[in-house]
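Peer 1: Numbering (the working numbering), first residue to last: 288 to 740.
The beta-carbon is built from N, C-alpha and C at its ideal position, and this holds for glycine as well.
Here the structure is a predicted model, which is why all the values come from computation and not from measurement.
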């Protein structure tokens, strides 16, 4: 069946390219689907793997091709080229360079190719999001609406799972921490837009859905960072534009956050003290094992190979980790330790550079934009990248492709807003210069006309 799906996807992609090229008005609908698909692909199995290692204990388990990949590829071929921010292109190139260096040093293995394939897929998503927004600005709200729809669906699923007795609801994404990362990419841009007065029904729905998902997942990191991120969104949104009405709304939002905080914190109590203590002990043991690997392999052990090296190399044993599957069968629960162990110190520099570049681009877009929907989204995107960077310190799931595709979407959105704000600023400057020249030459022209009579 997978080959039938892949053949159908190829035909559908070719047809979609022709449709989008012939009618650019359909681009916002394509952007909506691109925002929605990461939330539903796994549930409806809208993907196939020409090579699959489902039992592999790494972050990538095969070479997958999804409906979102075909859609993104079609968007790229149907839209015009545009220059994205150089700082972000450099950071993404550094990530690819770190991956290639660690692969060459340790030797090419099948499992390392899985990560390389996912990197390429993420870059395709980034380019598609950037180009569709640059071609049609309406794609910006369509993309956000797709993400909002996806998170709202997950909130309904979480409520159903909680009603069924789940201690930690996982939605359709398969893990509560994946839901937590999804919240970071949706809630803060929507909250910023809500504060700015844009599309308040759907953006307000996003905030409610995010709170439901965080409560149902009962993840301490998700709950704490979601509250922090919402507070920072209030600050960044005010930085973009401060009005009396927004100040009043922010005051109300602060009161609401204070009221909802105890409710969210109560969700953590659904896990026993023993479970929380055991989780912390396992995390510290994993970090100890990762530090030993990094000391022995400063250039990395190769992407997607942490679990096998930690166990076969005796690092987990020396770190005192138990034979619990959650301790021995998963990567270190810290994305920065994981990338350093697998892709060396250059990998760590590349990861930090990519996140820092994305944050800087979003902040520069925030500062350049006039009071607008785009400026509010830039404010929310900056907070999203910042919260994801912090959350990555507590989880390895940052390297799951679902999170990578959402990060690529966020980076593409921030890049497009930045480039549009720069073009609009240049346009305003040119108009001002023309107006100044007209004003300066007006007295001379009047004098010349009077003299000729």
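(1) What did DSSP end up calling residue 299 once you bin it into helix, strand or coil?
(2) Where does residue 370 land, buried or exposed, given buried means 16+ other C-beta within 10 angstroms?
(3) Sorted by chain position, which residues of the same chain lie with C-beta nearer than 7 Å to residue 540's C-beta, five sequence neighbours on each side aside?
(4) Using DSSP's beta-bridge definition, name the partner residues of residue 334.
(5) Closer than 6 Å by C-beta to residue 429: which residues in its own chain qualify, once you throw out the five before and the five after it? Chain order, please.
(6) Whose C-beta lies closer than 6 Å to the C-beta of residue 339 among residues of the same chain, with five residues either side of it excluded?
(7) Going by C-alpha to C-alpha distance, which of 650, 624, 652 and 653 sits closest to residue 639?
(8) What did DSSP end up calling residue 339 once you bin it into helix, strand or coil?
(9) Confirm, please, whether the CB-CB distance from residue 411 to residue 360 is below 8 Å.
(10) Within 10 angstroms of its Cβ, does residue 573 collect 16 or more other Cβ (buried), or is it exposed?
(11) I'd like the list of long-range same chain contacts for residue 299, defined as Cβ closer than 7 Å, with 5 residues on each side in sequence excluded.
(12) Quick one: is residue 739 buried, meaning 16 or more other Cβ sit within 10 Å of its Cβ, or exposed?
(13) How about residue 347 and residue 402: are their beta carbons less than 8 Å apart?
(14) Which whole-angstrom value describes the C-beta separation of residue 374 and residue 644, a residue pair presumed to lie in contact below a C-beta threshold of 8 Å?
(15) Relative to the C-alpha of residue 591, which candidate in 684, 304, 330 and 601 has its C-alpha closest?
(16) Just to confirm my understanding: we take residue 435, look at its own chain, exclude 5 residues before and 5 after, and list those with CB closer than 7 Å. What are they?
(17) In the DSSP assignment, find the alpha helix (DSSP H) that holds residue 425 and state where it starts and stops.
(18) Once you ignore the five residues that flank residue 658 on each side, which residues in its own chain have a CB closer than 8 Å to its CB?
(19) Tell me which same chain residues have a C-beta within less than 6 Å of the C-beta of residue 487, skipping the five on either side of it?
(20) Span of the alpha helix (DSSP H) holding residue 483?
Peer 2: So, to answer that:
(1) Residue 299 falls in the helix class under three-state DSSP.
(2) The residue in question, residue 370, is exposed, as its Cβ has fewer than 16 Cβ neighbours within 10 Å.
(3) Excluding five sequence positions before and after residue 540, the CB atoms of its chain that fall closer than 7 Å to its own CB belong to 521, given in chain order.
(4) For residue 334, the beta-bridge partners assigned by DSSP are 353.
(5) Taken in chain order, the residues that qualify are 315, 318 and 319.
(6) Excluding positions up to five away in sequence, the list reads 349.
(7) If we check each option's Cα against that of residue 639, 624 comes out closest.
(8) In the three-state scheme derived from DSSP, where H, G and I count as helix and E and B as strand, residue 339 is classed as strand.
(9) Between residue 360 and residue 411, the CB-CB gap stays under 8 Å.
(10) Residue 573 should be labelled buried.
(11) Residues 357 of the same chain have their beta carbon placed closer than 7 Å to that of residue 299, with the five preceding and five following residues left out of the count.
(12) For residue 739, the pLDDT reaches just 48, beneath the cut-off of 50, and the residue's location in the model is therefore unreliable, leaving the point undetermined.
(13) Yes, the Cβ-Cβ distance between residue 347 and residue 402 is below 8 Å.
(14) Indeed they touch by this definition, with Cβ atoms about 5 Å apart.
(15) Of 684, 304, 330 and 601, the residue nearest in Cα terms is 684.
(16) Counting only Cβ-Cβ distances below 7 Å, and skipping sequence neighbours, we find 473, 477, 489, 492 and 493.
(17) Its alpha helix (DSSP H) spans residues 425 to 450.
(18) So the qualifying residues of the chain are 483, 527 and 528.
(19) So the qualifying residues of the chain are 481.
(20) For residue 483, the uninterrupted alpha helix (DSSP H) segment begins and ends at 463 to 483.
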